[in-house]
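Novice:
There are 2 protein chains.
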Amino acid sequence: MQLLKEYIKKYGSVREGNVLKVDSFLNHCMDIRLFCEMGKEFFRLFGDDNITKILTVEASGIGIACIAAQYFDVPVIFAKKSESKNLDGEIYSCAVRSFTKNRVYDIRVSKKYLNEGDRVLIIDDMLAVGNALCGLIDICGQAGAAVAGAGIAIEKGFQGGGDALRRKGVRVESLAVIDSMDTDGTIVFRED
Amino acid sequence: MQLLKEYIKKYGSVREGNVLKVDSFLNHCMDIRLFCEMGKEFFRLFGDDNITKILTVEASGIGIACIAAQYFDVPVIFAKKSESKNLDGEIYSCAVRSFTKNRVYDIRVSKKYLNEGDRVLIIDDMLAVGNALCGLIDICGQAGAAVAGAGIAIEKGFQGGGDALRRKGVRVESLAVIDSMDTDGTIVFRED
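The listed protein sequences derive, respectively, from chains A and B.
Under our numbering, the very last position in the first sequence is 192; numbers go up by exactly one each time.
Under our numbering, the very last position in the second sequence is 384; numbers go up by exactly one each time.
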């Protein structure tokens, strides 16, 4: 998606440890005009797939998922990362290792909101090694729900998570795939 | 807001410890049609206030804030609750006690995204004793930004946080204010 690539080139920066900082428009300060264009693009890609639910994980995926959901006219469920009084009863859960935070946490979804009849579009802001996405797919499996695919804003292709899932048959559609990047500012995108 | 009150009556439930469960439409599974109506209502209330940024805190506030931001055509900043590689550099922070999770955490906003020229609308899903909202107001104060007001989906009026802030001169607009509720299912709304 050309617009997103332009944002990454213009406003993104590369830090040590394979960190791509896009917090000025994607995951801290959120550019809602861009989010609307991303939402429309996800709908162009998955609009014919009879999606019944959009699934994401807190926190950075929620905004993109909610904006996209308007075009699909379906609810959004966000997997929670910690226990709270708001999430009691029967849950699906899966352990996930965070790349950015370097720790393992559980993601949880109430059994009430995901079930066999669902066709799920998973949406997230970033895909690197793919741990969060694998966790969300695992939760859909526990629910017996079909995964129609994953819509990702930025995939760090060189970390392999997206291609590993594609080899397993998961439809992963990333709006910008970065094949290489360097702290000197070089960012090379995969051809569409 | 009549539609939100109907959702609370129909789908909400009251649990021990002043917990209102609204996770079927507000803060786990998110009803995006409802969110759009709430966003329009926030724009009706604050649309003439020259808002430049919407500020919320992860995670449950993000969806409502992003949907509302479309009507205001401004970016959304979400305060982060924990340290990560994505939030380096200079930050504003404030310690907040969570009512639902019963612990103290820091909320953090990068200094890059909030400053003196801003007029901020704070949006959140729930207001009880008001700790998160006070923390967000404190962060705006650190930035020298003006707080135009707070747009809240559900205020638990009997816990006093909203009225305490109104007495201090903060414009708090809650789409549904609950004056009392009981585990037998009774929910009494404040008159508009």
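Note that the Cβ used here is the ideal one computed from N, Cα and C, for glycine as well.
1. With burial defined as no fewer than 16 other Cβ atoms inside 10 Å of the residue's Cβ, what is the status of Gly12/A: buried or exposed?
2. Using the C-alpha atoms, what's the distance from Leu136/A back to Gln142/A?
3. Which value, in whole angstroms, describes the spacing of the CA atoms of Val288/B and Leu237/B?
4. Provide the residue(s) that pair with Ile315/B in DSSP beta bridges, ordered along the chain.
5. For Asp374/B, I'd like the list of residues in its chain whose CB is within less than 7 Å of its CB, leaving aside the five on either flank, ordered along the chain.
6. Can you check whether the C-beta of Asp223/B is within less than 7 Å of a C-beta belonging to chain A?
7. Which residue wins for smallest C-alpha separation from Phe43/A, given the options Gly89/A, Ile123/A, Leu114/A?
8. Are the region 343-351 of chain B and the region 316-326 of chain B touching, with three or more C-beta to C-beta distances below 8 Å?
9. Among Ile77/A, Phe72/A, Asp48/A, which one has its Cα closest to the Cα of Gly61/A?
10. Assess, as a yes-or-no matter, whether the region 106-116 of chain A is touched by the region 65-73 of chain A under the definition of 3 or more beta carbon pairs within less than 8 Å.
11. To which residues of the same chain is Tyr7/A closer than 7 Å at the C-beta, ignoring the five residues directly before and after it?
12. Taking C-alpha atoms, which residue in Gly117/A, Ser82/A, Gly89/A, Asp184/A lies nearest to Val19/A?
13. In terms of alpha-carbon separation, which member of Val147/A, Ala132/A, Ser93/A, Asp192/A lies closest to Ala59/A?
14. List, in chain order, every chain A residue whose beta-carbon is nearer than 7 Å to that of Cys258/B.
15. Based on the DSSP secondary-structure assignment, which residues constitute the bridge partners of Ile178/A?
16. Could you tell me which residues DSSP pairs with Leu20/A in its beta bridges?
17. How would you call Glu308/B, buried or exposed, if buried means at least 16 neighbouring beta carbons within 10 angstroms?
18. Please tell me whether Lys351/B and Val321/B are closer than 7 Å, where the distance is taken between their beta carbons.
19. Rounded to whole angstroms, how far is the Cβ of Cys258/B from the Cβ of Ile54/A, which I believe are closer than 8 Å?
20. Rounded to whole angstroms, what is the Cα-Cα separation between Cys29/A and Pro267/B?
21. How about Ile51/A and Arg108/A: are their beta carbons less than 7 Å apart?
Specialist: With the structure as the only source:
1. buried
2. 10 Å
3. 27 Å
4. Gly343/B
5. Val206
6. yes
7. Ile123/A
8. yes
9. Ile77/A
10. no
11. Phe25, Leu34
12. Asp184/A
13. Ala132/A
14. Met30, Ile32, Phe35, Gly63, Cys66, Ile67
15. Lys156/A, Phe189/A
16. Val14/A
17. exposed
18. Strictly speaking, residue 351/B in this sequence is Gln, with Lys absent from that position. Cβ distance < 7 Å, so Gln351/B and Val321/B count as in contact.
19. With 8 Å as the limit, Cys258/B and Ile54/A do not qualify as a contact, their Cβ atoms being about 13 Å apart.
20. 7 Å
21. no
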